[in-house]
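Asks: I have a structure I would like to understand better, so I am pasting it below and will then ask my questions one at a time.
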Amino acid sequence: MGFKKSQIGFVTAIGIFQIAFLILISIWFRYDESFDETKGEEYDLRTEYYYTYYSDVAVMVIIGFGYLMTFLKKYGLSAAGYTFLLAAFCMQWVLLNNAFWHQIHEYGELRRYDVTIPSLIEGMFGAAAVMISFGAVLGKTTPFQLILIAFFEIIFYSFNIYISVFLVNVTDIGGSMIIHTFGAYFGLGLTTMLTSRKTKEHLSNPNNGANDVSDVFSFIGTIFLWLFWPSFNGALGAPGSRFRVIVNTVLSLCCSCVASYIWSILLNKGKFNAVDIQNATLAGGVAVGSSANLYITIVGAMGIGLIAGSLSTIGFNKITPFLEKKFGIHDTCGVHNLHGIPGIIGGAASILVVYCGTQDHSLYNGAFDLLFPEGDDQTMRQLGALCITVPLSFFSGLLVGFILRLLTPNAEKPFSDEEFWFDEDNEEDANKQNDIRDKPIATIAESNLINSNSSEIENQSQENSEKLSTNHSD
């Protein structure tokens, strides 16, 4: 059996991209020269410090997002496997894109770029945005389409970083806007253009659902994300602000967890819905990201978590069905509810917090100028970044979805691993059938003879038993 067009396209595309990455990185990148054997123990401590955060973020992206998306009962291999591949692919492509925009902004030209561990963390942040978008089209795309989606999305993602961070100078330490909101609305644009014509088919597909086993695996992803989210929000924060990041994120997550359980049982006739608990419990981590390093107060962090968890759960139960019915937007994982809505809440919270700070600088104990480089103008910059990110992400998702719809076929068997992964159960059955077919005719005849003899012996023993019972009765 020959290769399909999508399989050939996947191998060709990822092969070309990887060779291109290798060439560009070999020409352009080098080790950060401030770290070598002559620098002493201080630099080793810095390396260990940042590597701890990198490993936490990598666990979140690969294990957390990967297992969270294994809730589809027939798509577990694809969810975990494609997450792993996309993370490795995106890491390299984000490094190249971020280096380009950083040097254009800093020097106005391209120079040799020093790779640091913080730059690797930024690479994983870009991968996280792609994973969020992947959730919107989960089960409906081929590996070829996913590689193209990741390639194009990172271009727009890095461009948005350049605008929001370098030009607008937004404060968004945990990426509520530039990671979560961008990834969610890019994904919504993708699924709108790529799969909206088949929304009814997707909703009625028997594989578009979970079972007890797949839900448990998805819970593993939820727990990993919940535990490591403080590291995600604080990985690139200033040393003095990481304490606030951790405290604010943990408490916001706790409150979103409690809120999601309350609303889930209220909206589902007295029972918990696994979808709500797997996702909305994390909304507090998303929403507090933009302001996690700011002086939002402990109660403020908890309030953000309660609001985000509540609206996220309501979104899964009310907004998702509305989008499917009225607009034909099928969001497989509900990324709009976990990342889109909480991301906007996070952006709005940062606008409010920054505005309060501009009205009373004493709230920041002398750190106002460090946290807000644009001074009293920072409020409008927060608003500007949010207003840029949402339309840029959605319309770029529409554009990429339109290109893929024209040039690539969708998955022939949606929500199933069968098309691109070996099915071990089916392989065993096929091997058994082949063994029977390959069995010599003489052997089969002998088996039949043995079976017939066995039947005769059984019949004869049964007759003897009946005679004995008759004699006893006489």
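Be aware that the sequence shown starts at 1, since it is given in UniProt numbering, and climbs by one per residue.
Here a beta-carbon is modelled for each residue, glycine too, at the ideal position from N, C-alpha and C.
May I ask you to report which of helix, strand or coil DSSP gives ARG111?
Replies: For the purposes of this step, residue 111 is taken as residue 111 along the sequence shown, with counting starting at 1. Coil.
Asks: Determine whether the beta carbon atoms of GLY284 and LYS73 lie at a separation below 8 Å.
Replies: Counting from 1 along the sequence shown, the entry for residue 284 is found at position 284. Counting from 1 along the sequence shown, the entry for residue 73 is found at position 73. Cβ atoms of GLY284 and LYS73: not closer than 8 Å.
Asks: Please list the terminal residues of the continuous alpha helix (DSSP H) segment that includes TYR157.
Replies: The residue given as residue 157 occupies position 157 in the sequence shown. That run of the alpha helix (DSSP H) goes 143-161.
Asks: Would you verify that the beta carbon of GLY135 is, or is not, closer than 8 Å to some beta carbon of chain B?
Replies: No chain B is present in this structure, which holds just one protein chain.
Asks: What span of residues does the beta strand (DSSP E) with PHE71 cover, start to end?
Replies: On the sequence shown, position 71 is the one that residue 71 refers to. Where PHE71 is concerned, there is no enclosing beta strand (DSSP E), given that its DSSP letter is neither H nor E.
Asks: So which of THR191, TYR107 and TYR75 has the shortest CA-CA distance to ASP215?
Replies: Numbered from 1 along the sequence shown, position 215 holds the residue referred to as residue 215. The residue with the shortest Cα to Cα distance from ASP215 is TYR75.
Asks: Taking just the CA atoms, how far does SER350 sit from TRP101?
Replies: Reading the sequence shown from its first residue, position 101 is the one you call residue 101. Reading the sequence shown from its first residue, position 350 is the one you call residue 350. Their Cα atoms are separated by approximately 25 Å.
Asks: Give the DSSP bridge partners of residue 505, in chain order.
Replies: There is no way to answer for residue 505, as the model of the chain reaches only from 1 to 474.
Asks: State the DSSP-derived secondary structure class of PHE29, mapped to helix, strand or coil.
Replies: What you label residue 29 is simply residue 29 of the sequence shown in a count that begins at 1. In the structure shown, PHE29 sits in a strand (DSSP, three-state: E or B).
Asks: Can you give the beta carbon distance from ALA88 to ILE132, rounded, assuming they're within the 8 Å contact cut?
Replies: Your numbering for residue 88 matches position 88 in the sequence shown. Your numbering for residue 132 matches position 132 in the sequence shown. Rounded, the Cβ-Cβ distance is 17 Å, inconsistent with contact.
Asks: Using 8 Å as the threshold, is the stretch 256-269 in touch with the stretch 138-146, meaning 3 or more CB pairs across them?
Replies: No, because fewer than three Cβ pairs between the stretch 256-269 and the stretch 138-146 fall closer than 8 Å, the two stretches do not touch.
Asks: Thinking just about the alpha-carbon of each residue, which of ARG30, LEU96, THR47 and SER78 is nearest to the one in PHE17?
Replies: Within the sequence shown, residue 17 is the residue found at index 17, counting from 1. Closest option to PHE17, Cα to Cα, is LEU96.
Asks: Could you check where the alpha helix (DSSP H) with CYS387 kicks off and where it finishes?
Replies: For the purposes of this step, residue 387 is taken as the residue at position 387 of the sequence shown. 378-407 is the span of the alpha helix (DSSP H), which, as asked, contains CYS387.
Asks: Who are the Cβ neighbours of MET380 in its own chain at under 8 Å, not counting the five residues just before and after it?
Replies: One-based indexing of the sequence shown puts residue 380 at position 380. There are no such residues.
Asks: Secondary structure at LYS271, three-state DSSP: helix, strand or coil?
Replies: Translated into positions along the sequence shown, residue 271 becomes position 271. DSSP places LYS271 in coil when its eight states are reduced to three.
Asks: Between the alpha carbons of PHE115 and TYR261, how many angstroms are there, rounded?
Replies: Taking the first residue of the sequence shown as position 1, residue 115 is located at position 115. Taking the first residue of the sequence shown as position 1, residue 261 is located at position 261. Reading off the sequence shown, one finds Val at residue 115, where the question assumed Phe. The alpha-carbon atoms of VAL115 and TYR261 are separated by roughly 43 Å.
Asks: With distance defined between alpha-carbon atoms, name the residue in GLY240, LEU370, LEU148 and SER231 nearest to ARG405.
Replies: For the purposes of this step, residue 405 is identified with residue 405 of the sequence shown, where counting begins at 1. When only C-alpha atoms are compared, the closest one is LEU148.
Asks: Relative to the C-alpha of ILE117, which residue among ARG111, LEU110 and PHE125 is closest?
Replies: In the sequence shown, the residue the question calls residue 117 occupies position 117. The shortest Cα separation from ILE117 among ARG111, LEU110 and PHE125 belongs to PHE125.
Asks: Taking only runs of the alpha helix (DSSP H) that begin and end inside the stretch 175-246, which ones reach a length of at least 4 residues, in chain order?
Replies: Correct list: 182-195, 199-204 and 212-234.
Asks: Helix, strand or coil, according to DSSP, for SER260 in the structure here?
Replies: By one-based count along the sequence shown, residue 260 stands at place 260. Note: SER260 maps to helix in three-state DSSP.
Asks: Buried or exposed: where does ALA359 fall if 16 or more other Cβ atoms within 10 Å of its Cβ makes it buried?
Replies: What you label residue 359 is simply residue 359 of the sequence shown in a count that begins at 1. Note on residue identity: the sequence assigns Gln, not Ala, to residue 359. GLN359 should be labelled exposed.
Asks: Please state if the CB of ILE314 and the CB of VAL247 are separated by a distance shorter than 8 Å.
Replies: For the purposes of this step, residue 247 is identified with residue 247 of the sequence shown, where counting begins at 1. For the purposes of this step, residue 314 is identified with residue 314 of the sequence shown, where counting begins at 1. Contact flag unset, no.
Asks: Apart from the five residues just before and just after PHE166, which ones in its own chain have a Cβ nearer than 6 Å to its Cβ?
Replies: Numbered from its first residue, the sequence shown carries residue 166 at position 166. So the list reads HIS105, once near-sequence residues are dropped.
Asks: Could you check the C-alpha separation between LEU407 and PHE21 for me, to the nearest Å?
Replies: On the sequence shown, residue 407 is found 407 positions in, with the first residue counted as 1. On the sequence shown, residue 21 is found 21 positions in, with the first residue counted as 1. If I take the Cα positions, the gap works out to 23 Å.
Asks: Do PHE232 and VAL354 have their beta-carbon atoms positioned less than 8 Å apart in this structure?
Replies: For the purposes of this step, residue 354 is taken as the residue at position 354 of the sequence shown. For the purposes of this step, residue 232 is taken as the residue at position 232 of the sequence shown. No, the Cβ-Cβ distance between VAL354 and PHE232 is not below 8 Å.
Asks: Are CYS90 and ILE25 touching if we call contact CB-CB under 8 Å?
Replies: Taking the first residue of the sequence shown as 1, we reach residue 90 at position 90. Taking the first residue of the sequence shown as 1, we reach residue 25 at position 25. The answer is no: Cβ separation not under 8 Å.
Asks: Distance check for ALA129 and GLY375, CA to CA, integer angstroms please.
Replies: Within the sequence shown, the letter at position 375 stands for residue 375. Within the sequence shown, the letter at position 129 stands for residue 129. Roughly 29 Å between the two C-alpha positions.
Asks: Going by beta carbon distance, what residues of the same chain come within less than 6 Å of TRP28, once the five residues before and after it are set aside?
Replies: For the purposes of this step, residue 28 is taken as the residue at position 28 of the sequence shown. Hits under 6 Å: TYR113.
Asks: Where does THR358 fall in DSSP's three states?
Replies: By 1-based counting over the sequence shown, the position of residue 358 is 358. THR358: helix per DSSP, three-state reduction.
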